[in-house]
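Chemist: Just add 15 to the spot in the sequence shown (first one is 1) and you have our numbering.
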Amino acid sequence: MNIILIGMPGSGKSTVGEKLREVTNFKLMDTDTYIENKTGYSIETIFKDKGEKYFRELEREVLCEIINYDGYVISTGGGFPIYNNNMELLNKIGFTIFLRIPIEELIKKDLSDRPLLAKSKEEALKKLYKERLPIYNKARLIVDSNNTTVESIVKNIIDKIK
16 MNIILIGMPG SGKSTVGEKL REVTNFKLMD TDTYIENKTG YSIETIFKDK GEKYFRELER
76 EVLCEIINYD GYVISTGGGF PIYNNNMELL NKIGFTIFLR IPIEELIKKD LSDRPLLAKS
136 KEEALKKLYK ERLPIYNKAR LIVDSNNTTV ESIVKNIIDK IK
């Protein structure tokens with residue numbers, strides 16, 4: 016079994032993923048880090064030089080590679096589940112968890128390093144949130160990641176998975 020974390024940029028996927036790895040002894044994979052290591056370029060550079068469509072193709076390649084993984088905590092990029100029917104496949108290869116955080120809290124965060132949020136962050140965030148929410152809501156479990164500790168989020172996830 017795999018545990019797959021999805022959600023908006025800044026929702027805590029990487030932090031929760033690391034703690035889940037510690038608790039479960041699963042291996043950890045962050046899809047954005049994997050893409051950066053594989054290509055030798057930052058996500059920001061890929062977006063700037065090759066565009067979002069190219070990046071989404073790289074994400075799909077990663078998804079095809081992880082289909083047979085087992086015993087992983089997989090932290091996805093915010094848009095990973097949205098494109099190419101990726102969410103349906105994610106639900107088949109693991110237990111998907113949407114780390115939900117209110118848009119008002121996301122707006123307060125520094126997300127300046129995120130390519131899709133570089134300009135007019137608040138407006139872009141609201142648009143992305145509205146577009147992505149119906150897909151994120153297809154996760155097997157929805158966990159609120161606001162006003163709580165990483166430890167309590169992880170405990171909640173572990174309790175629900177058992």
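The beta carbon of each residue, even a glycine, is placed where N, CA and C say it ideally should be.
Along the chain, where does the alpha helix (DSSP H) containing SER167 start, and where does it finish?
Modeler: Residue 167 sits at position 152 when you count from the first residue of the sequence shown. It spans 165–176 - the alpha helix (DSSP H) in which SER167 sits, taken as one unbroken run.
Chemist: To which residues of the same chain is THR91 closer than 6 Å at the C-beta, ignoring the five residues directly before and after it?
Modeler: The residue given as residue 91 occupies position 76 in the sequence shown. Excluding residues within five positions, the ones whose Cβ falls inside 6 Å are ILE21, THR46.
Chemist: Should PHE95 and ILE157 be called a contact, given that it needs their Cβ atoms to be closer than 9 Å?
Modeler: Position 80 of the sequence shown, counted from the first residue, corresponds to residue 95. Position 142 of the sequence shown, counted from the first residue, corresponds to residue 157. No, the pair does not count as a contact, with Cβ atoms beyond the cut-off.
Chemist: Inspect the beta-carbon positions of VAL165 and LYS53 and report whether they are closer than 9 Å.
Modeler: Stepping through the sequence shown from its first residue, residue 165 is reached at position 150. Stepping through the sequence shown from its first residue, residue 53 is reached at position 38. Against a cut-off of 9 Å, the Cβ pair of LYS53 and VAL165 comes out as no contact.
Chemist: Would you mind reading off the limits of the alpha helix (DSSP H) that contains THR46?
Modeler: Walking along the sequence shown from the start, residue 46 turns up at place 31. From DSSP, the alpha helix (DSSP H) with THR46 extends over 46–54.
Chemist: Determine, using beta carbons only, whether LEU78 and ASN99 come nearer to each other than 9 Å.
Modeler: Taking the first residue of the sequence shown as 1, we reach residue 78 at position 63. Taking the first residue of the sequence shown as 1, we reach residue 99 at position 84. The criterion of a C-beta distance shorter than 9 Å is satisfied by LEU78 and ASN99.
Chemist: Taking the DSSP output, what are the residues bridged to SER90?
Modeler: On the sequence shown, position 75 is the one that residue 90 refers to. Assignment of beta-bridge partners to SER90 by DSSP yields LEU20, ASP45.
Chemist: Once DSSP output is grouped into helix, strand and coil, what is the label at PHE110?
Modeler: By 1-based counting over the sequence shown, the position of residue 110 is 95. Three-state DSSP puts PHE110 in a strand.
Chemist: For GLU2, which residues of its own chain have a beta-carbon under 6 Å away from its beta-carbon, when the five flanking residues on both sides are left out?
Modeler: Since the first and last residues shown for the chain are 16 and 177, residue 2 lies out of range.
Chemist: Closest to LEU148 by C-alpha separation, out of ILE176, LEU73, GLY93, ILE81, would be which residue?
Modeler: On the sequence shown, residue 148 is found 133 positions in, with the first residue counted as 1. Comparing Cα-Cα distances from LEU148 to each of ILE176, LEU73, GLY93, ILE81, the minimum goes to GLY93.
Chemist: Tell me whether ASP159 sits in a helix, a strand or coil according to DSSP, three-state version.
Modeler: Here residue 159 is taken as the residue at index 144 of the sequence shown, counted from 1. Strand at ASP159.
Chemist: Could you give the distance in angstroms between the alpha-carbon of TYR87 and the alpha-carbon of ARG75?
Modeler: Locating residue 87 in the sequence shown gives position 72, counting from the first residue. Locating residue 75 in the sequence shown gives position 60, counting from the first residue. Distance between the alpha carbons of TYR87 and ARG75: 18 Å.
Chemist: Can you tell me which of ILE173, MET23, MET16 puts its alpha carbon nearest to the alpha carbon of ILE97?
Modeler: The count along the sequence shown starts at 1 and reaches residue 97 at position 82. Closest option to ILE97, Cα to Cα, is MET23.
Chemist: With 16 as the cutoff for other CB atoms within 10 Å, does LYS175 come out buried or exposed?
Modeler: Taking the first residue of the sequence shown as 1, we reach residue 175 at position 160. So LYS175 ends up on the exposed side.
Chemist: At the level of alpha carbons, what is the spacing between LEU43 and ARG36?
Modeler: If you number the sequence shown from 1, residue 43 lands on position 28. If you number the sequence shown from 1, residue 36 lands on position 21. Each residue's Cα considered, the two are about 6 Å apart.
Chemist: Closest to LEU140 by CA distance: which of ASN101, GLY25, MET16, ASN17 is it?
Modeler: In the sequence shown, counting from the first residue as 1, residue 140 sits at position 125. It is GLY25 whose Cα lies nearest to the Cα of LEU140.
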